[in-house]
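**Student:**
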Amino acid sequence: MATTLKPVDAVLVGFGWTGAIMGQQLCDAGLSVVALERGPWRDTATDFAAGFAQDELRYMWRHHLFQNLSYDTLTIRNNMDQEALPMRRLGSFLLGTGVGSGGVHWNGQIWRFLPTDFQTKSHNQQRYGKKSVADLTVQDWGITYDELEPFYDQFDQLCGTSGKAGNLQGKIQPGGNPFEGARANEYPTPPMAQTYGPTLFGKAAAELGRHPFPHPTGNMSQPYTNPLGAQMGACTYCGFCEKFGCGNYSKASPQTTVLPYLLRKSNFTLKTECEVLRVELTPDKQRATGVTYVNSAGEEFFQPAEMVILSAYVLQNVRLLLLSGIGKPYDPKTGEGVVGKNYAYQTMSSVNVFFDDKIINPFIGAGALATVIDDFNGDNFDHGGLGFIGGAYIAGMVTGGRPIEMIYTPQGTPAWGLEWKHAAAKNYLRSFSLSVHGSCMSARGNYLDLDPTYRDIHGRPMLRMTFDFTPNDHKMSDYLTDRAAELAKAMGPREIKLNRRIGPWSVVPYQTTHNTGGAIMGDNPANSVVNKYLQSWDVPNVFSMGAGAYPQNAGYNPTATLAALAYHSADAIKSQYLKAPGPLVRA
Amino acid sequence: MSGLRRLRILLLGGSVSAILGAGLALSQMPALPAHLSSAVTPIELLTRKFDDSMPNAAQVRRGQYLVAAGDCMSCHIRDGGEPFAGGLGLNTPFGVIYTSNITPDKETGIGAWTSDQFYRAMHDGKDDEGENLYPAFPYPWFRRASRADIDAIYAYLKTVPAVKYTPPKNQLPFPLNIRASVGMWNLLYLDSHDFQADPGQSDQWNRGAYLVNGLGHCGGCHTPKNTLGADKSKQEFHGGKIDNGIAPDLTANMRTGLGNWSIEDIAEYLASGRNARAAAGSGMADVITFSTSLMNDADRRAIAVYLKSQPASATIAASAPDSGAMRRGAAIYSDACASCHLENGVGQSRVFPPLGNDAMLQQQDATGVAHLVLAGTQIGISLSRPSPLSMPSFAWKLTDREIADVSTFIRNSWGNQAAEVTVSDVTDLRKRLDLRNVHLTVNSGDHEQ
Amino acid sequence: MARKVNLDRRRFLVGSVAGVAGAAAAAIHDGELGAPPQTIHGSVPWKEGTADAPPGVSGSGYVFFTASEVAFIQAAVGRLIPNDPIGPGAVEANVPFFLDRQLAGPFGRGDHYYLGGPWPKGTPEQGYQSRFNPAQLYRAAIAEIDRYASAKLGSASFAALTAPDQDKFLKGLESGEITLEGSIDGKSFFAMLLQNTKEGYFSDPIYGGNKDMGAWKMIGFPGAHYDYKEWVSRHGERVPYPPVGFKGRPGWTES
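Residue numbers (our numbering), protein chains in the order written: chain G, 802 to 1388; chain Y, 67 to 515; chain B, 11 to 265.
(1) For B:Thr76, which residues in chain Y fall below 8 Å Cβ to Cβ?
(2) Expressed to the nearest angstrom, what Euclidean distance is found between the alpha-carbon atoms of G:Lys1086 and G:Val1343?
(3) State buried or exposed for Y:Asn279, treating a residue as buried only when at least 16 other CB atoms are found within 10 Å of its CB.
(4) Quick check on B:Ile152 - is its C-beta less than 8 Å from some C-beta in chain G?
(5) How close, in whole Å, do the beta carbons of Y:Ser456 and Y:Gly339 come, if the pair is a contact with beta carbons under 8 Å?
(6) With distances taken Cα to Cα, identify the nearest neighbour of Y:Asp182 among Y:Ala214, Y:Phe160, Y:Val133.
(7) Am I right that G:Tyr1146 and G:Asn1316 are in contact with their C-beta atoms under 8 Å? What's the rounded C-beta distance?
(8) For G:Trp862, which residues in chain B fall below 7 Å Cβ to Cβ?
(9) CB G:Asp1250 to CB G:Leu1123, shorter than 8 Å?
(10) Residues of the region 99-131 of chain B with a CB closer than 7 Å to any CB of chain Y: list them in chain order, please.
(11) Run through DSSP, which three-state label would G:Asp957 get?
(12) So, G:Trp1338 versus G:Thr1073, is the Cβ gap smaller than 8 Å?
(13) Out of G:Thr845, G:Leu1060, G:Ser1125, G:Glu1101, which has the shortest C-alpha to C-alpha gap to G:Leu1082?
(14) So for Y:Asp363, helix, strand or coil by DSSP?
(15) Comparing C-alpha positions only, which one of G:Phe894, G:Asp954, G:Cys1047, G:Gly1030 sits nearest to G:Tyr1038?
(16) By a C-beta neighbour count over all protein chains shown, 10 Å radius and 16 as the cutoff for buried, is Y:Thr562 buried or exposed?
(17) List in chain order: all unbroken beta strand (DSSP E) runs of 3+ residues lying wholly within the region 295-375 of chain Y.
(18) Can you tell me whether G:Met1207 is helix, strand or coil according to DSSP?
(19) My assumption, with CB atoms under 8 Å, is that Y:Leu360 sits in contact with Y:Leu440. Please give the rounded CB distance.
(20) Would you verify that the beta carbon of B:Val73 is, or is not, closer than 8 Å to some beta carbon of chain Y?
(21) Against chain Y, which members of the region 1024-1038 of chain G pass a CB distance test of less than 8 Å?
(22) Name the residues in the region 890-923 of chain G whose C-beta lies less than 9 Å from a C-beta of chain Y; which are they?
(23) If you draw a straight line from the C-alpha of B:Leu190 to the C-alpha of B:Thr207, how long is it?
(24) When you compare only the Cα positions, how much space is there between G:Ala994 and G:Leu1071?
(25) Check whether chain Y comes within 8 Å of G:Pro1204, counting only Cβ atoms and requiring the distance to be less than that.
(26) I'd like the ranges of any alpha helix (DSSP H) spanning at least 4 consecutive residues and lying wholly in the region 1122-1151 of chain G.
(27) Does B:Gln84 come within less than 8 Å of chain G when only Cβ atoms are used?
(28) In three-state terms, what does DSSP make of B:Phe179?
(29) Kindly provide the ranges of any alpha helix (DSSP H) runs that are 4 or more residues long and lie completely inside the region 31-100 of chain B, ordered along the chain.
(30) Could you check whether the Cβ of B:Gly261 sits closer than 8 Å to any Cβ belonging to chain G?
(31) Run through chain B and tell me which residues come within less than 8 Å of Y:Ala441, C-beta to C-beta.
(32) Look at the alpha carbon of G:Pro1341 and the alpha carbon of G:Thr938, and state the distance between them as a whole number of angstroms.
(33) By the 10 Å Cβ neighbour count, where 16 or more other Cβ atoms means buried, how is B:Val101 classified, buried or exposed?
(34) Do the CB positions of G:Cys1036 and G:Glu838 come within less than 8 Å of each other?
(35) Within the same chain, show all residues whose beta-carbon is closer than 6 Å to that of Y:Ala345, passing over the 5 residues directly before and after it, in chain order.
(36) Compute the Euclidean distance between the alpha carbons of G:Pro1262 and Y:Arg416, then round it to the nearest angstrom.
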């Protein structure tokens, strides 16, 4: 059956951001590394060149760069009383695949979580009492912001993040985010220039006494050369970031920041169209011996490895843990077990703003082109009496003006007919949207496990997602949407439209591809799947990367945090694990 | 890989068969990581460290450097092949010549060659059996290298992994397929002198001349050729046509040559494949990657000093372009090119080259420009600048008329002045490049079969 | 450098993946497991002249829709986006042709849809749960709609209704008040038709709709232009670039 290949020091399962980071770090340490990516090779000038990258139909609506569900999807339901059914087409989240994966078609929003976000349980209990988290299964991360700061910085240096520091070594800086944790260094490149919409938002926010600042971004404000020597150009504000590859090397991605450096190394090999079926364990399940994978020619291989790094998307990592029997599966009835526990998402809402007299030109945009306030995120404000924890950033944001997706029409406008057409023609150039990017707290009934019915083309059970927003998140979102409405009105528009987070989570409308949890980190094996170094408590030569490690999701985009966790993990592997392979934290 | 197949010279490449000779034992190789997942990459082979335990370490290190200076790797590796195992087909005007295996394999490489035989190949263009090699192998330049340098190259090549591989047979018509025909060519064109320093010039200039006219064999591409593929006399570095591309003028010509370039500009370009003026794509990409980026800065500056001393080629006046072509070209430029080169052609320094006052764009022969637009290019890289920034192919997007118009526009904007590009030029080139149909990628699964 | 990969060897049948349970018989797919396996080592692959160019459409006339389906589509999309002096209607923008080519191609086949069973109805939050791919859904739904028009409204077909009656019908489908026979989810079909109509109206003309970029002109979208660097800080000004598609605009070819 499976052909056994030559052993390697480390095998990477999936090649997106965390695969690229771990590949670079481990190869630089002299290890031989093979990366297995289930999708195809793709690169800037051949696969998303400026001559055709700006194709809304093909990329956004025909999912050209995304996971093809006909081979593999997951099943979904809102609660345990329902029967989970397959997600038959992409909607709520847009799963990546291929070399670079989501790192190719992300927006480039580079956020750090707040220091208190890493102590969601203990901090809120201390400030608001035990009751504040009683209905939730939130946890502390087992790691602090200060521990992660150097690794956040490493990711900023890699990406050339454009932004303005708000807290440099404890000193608050004008123009930046005054609520952020202390940064050792200023951003590598200055903020992007702001277009009209975000500028109006910033002015209104300042007038209301908020603290606006430019969104930190992996869309380059100027050309940048990173510490690996990889180069990016300056963004030309084409308005096609999220769901699209960048055609002119101006968005940080594994392709632009890591691969040129990594691919010339003798000890690195990337294999595409290779899907890992499971992690193989020794009979006593104490150690992984490698992975079994099948390629698109139908050939099956066993790749022996000293270390297995799960660097696929969160949903695949959790599924591989479950399929391979690594760690105890979570049981929502008893609350016991850990694998699949604390699946969370992102609680999104928005406010559209319509002007008569102002031409916004929404097509001039970039993935993270926004002016933002963080006054109501995390615990940056007093939650006393509000009945919820968490928060959101509010962004006056113009990522682009792609007309199939992003024409805003006023409240009460029908979705079609002459009235719709006239509203579209009238408002397209004169409207934009405020985004409310909210946290999502974990709860007992939100989890991931294996579906009892549906199987993928390899015959493996699909992953089953059971999820709905909690009352905490609904309250948070309502409160934050009201704050956004205040800001919207302060801009003096003709009218606004509130798009609240109403009803149960639905797979249909696109919300965000920020799925988290299921392989959560923590300070002991009873409450988590991996330790602070993303090392499996149960099988210490398996490391699970990505947002699966988040015990709950903060009100920020997740990429920088999962990148920082990967760097932190690599650092421990290099400085400790390689000298003495085994558990890095005593259970 | 650049498709502008570095078609070094004129005739064909010598296919070398050989036997014998022993490389250094593998135990003497520098340690590589355990569990090696794949073969050593070309760059790592050209940059690996040799420690002093090796008896002839100094000579081997020097040889490694000179192999880079001679750009041996660019030709002696084929798509998917191993470093120095050869097999790359060179499209010459006379037919296809395949590069030889110069690894120490005794049967298929040069493992059995003596240093004298190797010197004779480099100096006289003869193989181990005394047969003529075709001057696609640049011995007319290599012969200017010193015996000590050639011995060092020989010593280094003994250290590379031996590969058992026999390149394909050359595809040459009669009488060129008879190697004796090369003897006549040698009599006619081979410079009988070894390198002669010019005492009237600085040491730096002389070092540059030695590198440029010796191992560097720059004239192999950049000097125009006669019908037998030998250098045209008195036109050193006036620019050559190779395969379907252009090796630009390297003289002091202000428009088409290096007249506007400083010593620093040239040295930076050779070091990293990019500077404030230009990017090294097409045939020059591999030269940067496998040769000049691996040389030291003193040698790159010496090359620059020597090149800057070359008298300017004659400037050929171009008549004013058609205003309709310029207007259409400007429209196409704004929509299709400004994403990287920006609206006013200023580019982004060291990322996307500016287009104004550009030597490559102003070459008399527009083949190079049209080739770039049709096929795209990947630029050369260095250890410190590893990004192979690439221009995409526009073959699928622009018609021949549109490519001609936008090429005419950029050849006559922002200070540039050059002859119009005709539609038939583009049509011919598209055909020669096999780009009449779209070449899709592994990502293109949404196309109907 | 990059000689390890031949990017031309695309298109790989994955039907050879053996022993799979419930597998959709797979032909060619983008996304994953659709191209030959590659081993990339030593440098960034590149081959000149290659591009994942957009799969535009060509020809004229209908290859998917039958004559009666054409009548329905023209009538329906003409109501979803009617023509008037403000901007083109969907018919004038060539949306029916766009839809025809979409349904005849990978989208119609549901190449990116998971269509395996079982197929319980599901909740609205669980989204699309039909066993039909889009082509099958259009075919079945149009037939059911015409049958409904004939059986319940006494009209020969949907297309034969007056415009106000067509609007009323469409609103009924949209709200779910009109239910169709034959396990066709009318609401789901309406949502797909409206979405696809807007896609044809606003997508690049290379896909057959958005004729003369009329929809882009109407709203003021410059299309495939990629560089707005000089306009970022010019707040509130009109950007002068005329709309451009992947294959150009009139200014590219005017003599």
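Every residue gets a Cβ at the ideal spot worked out from N, C-alpha and C, and that includes glycine. As the structure is a computational prediction, the values presented were derived from the model and not from experiment.
**Tutor:** On the basis of the data shown:
(1) Here the question's residue 76 of chain B lines up with position 66 in the third sequence. Below the 8 Å Cβ cutoff, chain Y contributes no neighbours of B:Thr76, its closest Cβ being approximately 21 Å away.
(2) Residue mapping note: residue 1086 of chain G aligns to position 285 of the first sequence, counting from 1. Residue mapping note: residue 1343 of chain G aligns to position 542 of the first sequence, counting from 1. Each residue's Cα considered, the two are about 11 Å apart.
(3) Looking up residue 279 of chain Y in the second sequence gives position 213. It counts as buried.
(4) As a working note, residue 152 of chain B is residue 142 in the third sequence. Among the CB atoms of chain G, none fall inside 8 Å of the CB of B:Ile152.
(5) The sequence position of residue 456 of chain Y within the second sequence is 390, counting from 1. The sequence position of residue 339 of chain Y within the second sequence is 273, counting from 1. Contact flag wrong, Cβ pair sits at about 12 Å.
(6) In the second sequence, the residue the question calls residue 182 of chain Y occupies position 116. Of the candidates Y:Ala214, Y:Phe160, Y:Val133, the one whose C-alpha sits nearest the C-alpha of Y:Asp182 is Y:Ala214.
(7) Position 345 of the first sequence, counting from 1, holds the residue named residue 1146 of chain G. Position 515 of the first sequence, counting from 1, holds the residue named residue 1316 of chain G. Right, the Cβ-Cβ distance comes to about 6 Å (below 8 Å), so this counts as a contact.
(8) Along the first sequence, one-based indexing puts residue 862 of chain G at 61. In chain order: Glu209.
(9) The residue given as residue 1250 of chain G occupies position 449 in the first sequence. The residue given as residue 1123 of chain G occupies position 322 in the first sequence. Result yes, Cβ atoms of G:Asp1250 and G:Leu1123 sit closer than 8 Å.
(10) Of all residues in the region 99-131 of chain B, Gly115, Pro116 have a Cβ within less than 7 Å of some Cβ in chain Y.
(11) Residue numbering aside, residue 957 of chain G sits at position 156 when the first sequence is read from its first letter. In this structure, G:Asp957 counts as helix in the three-state DSSP scheme.
(12) Within the first sequence, numbered from 1, the residue matching residue 1338 of chain G stands at position 537. Within the first sequence, numbered from 1, the residue matching residue 1073 of chain G stands at position 272. No, the Cβ-Cβ distance between G:Trp1338 and G:Thr1073 is not below 8 Å.
(13) Translated into the one-based positions of the first sequence, residue 1082 of chain G becomes position 281. Answer by Cα proximity: G:Ser1125.
(14) The residue you call residue 363 of chain Y lines up with position 297 of the second sequence. Y:Asp363 sits in a helix when the DSSP states are folded into three classes.
(15) As a first step, residue 1038 of chain G is located in the first sequence; it is residue number 237 there, counting from the start. Among G:Phe894, G:Asp954, G:Cys1047, G:Gly1030, the Cα nearest to that of G:Tyr1038 is on G:Cys1047.
(16) In the structure as shown, chain Y starts at 67 and stops at 515, and residue 562 of chain Y therefore has no counterpart that could be examined.
(17) Qualifying beta strand (DSSP E) stretches, in chain order: 306-308, 311-313.
(18) The residue given as residue 1207 of chain G occupies position 406 in the first sequence. Of the three classes helix, strand and coil, the one that applies to G:Met1207 here is coil, per DSSP.
(19) For the purposes of this step, residue 360 of chain Y is taken as the residue at position 294 of the second sequence. For the purposes of this step, residue 440 of chain Y is taken as the residue at position 374 of the second sequence. Between Y:Leu440 and Y:Leu360 the Cβ distance is about 30 Å, and since that is not below 8 Å, they are no contact.
(20) By one-based count along the third sequence, residue 73 of chain B stands at place 63. Cβ-Cβ to chain Y under 8 Å: no for B:Val73.
(21) Listed in sequence order: Pro1024, Thr1026, Leu1029, Gly1030, Ala1031, Gln1032, Met1033, Gly1034, Ala1035, Thr1037.
(22) Gly899: these are the residues of the region 890-923 of chain G whose beta carbon lies less than 9 Å from some beta carbon of chain Y, given in chain order.
(23) Translated into positions along the third sequence, residue 190 of chain B becomes position 180. Translated into positions along the third sequence, residue 207 of chain B becomes position 197. Straight-line Cα distance between these residues: approximately 21 Å.
(24) As a first step, residue 994 of chain G is located in the first sequence; it is residue number 193 there, counting from the start. As a first step, residue 1071 of chain G is located in the first sequence; it is residue number 270 there, counting from the start. Each residue's Cα considered, the two are about 37 Å apart.
(25) Taking the first residue of the first sequence as position 1, residue 1204 of chain G is located at position 403. No - not a single Cβ of chain Y is within 8 Å of the one on G:Pro1204.
(26) Restricted to the region 1122-1151 of chain G, not a single alpha helix (DSSP H) segment is unbroken, complete and at least 4 residues in length.
(27) As a working mapping, residue 84 of chain B is identified with position 74 in the third sequence. The Cβ of B:Gln84 sits no closer than 8 Å to any Cβ of chain G.
(28) By one-based count along the third sequence, residue 179 of chain B stands at place 169. Reduced to three states, the DSSP call for B:Phe179 is helix.
(29) DSSP runs (the alpha helix (DSSP H)) wholly in the region 31-100 of chain B: 77-90.
(30) One-based indexing of the third sequence puts residue 261 of chain B at position 251. Taking Cβ atoms only, chain G never reaches closer than 8 Å to B:Gly261, which makes this a no.
(31) Within the second sequence, numbered from 1, the residue matching residue 441 of chain Y stands at position 375. Under the 8 Å cutoff, chain B gives Glu58, Gly59.
(32) One-based indexing of the first sequence puts residue 1341 of chain G at position 540. One-based indexing of the first sequence puts residue 938 of chain G at position 137. If you draw a straight line from the Cα of G:Pro1341 to the Cα of G:Thr938, it is about 26 Å long.
(33) The sequence position of residue 101 of chain B within the third sequence is 91, counting from 1. That one is buried.
(34) The count along the first sequence starts at 1 and reaches residue 1036 of chain G at position 235. The count along the first sequence starts at 1 and reaches residue 838 of chain G at position 37. In terms of Cβ geometry, G:Cys1036 and G:Glu838 do not form a close pair [threshold 8 Å].
(35) Counted from its first residue, the second sequence places residue 345 of chain Y at position 279. Pro419, Ile445.
(36) Translated into the one-based positions of the first sequence, residue 1262 of chain G becomes position 461. Translated into the one-based positions of the second sequence, residue 416 of chain Y becomes position 350. Separation of G:Pro1262 and Y:Arg416 (C-alpha to C-alpha, rounded to the nearest whole angstrom) is 50 Å.
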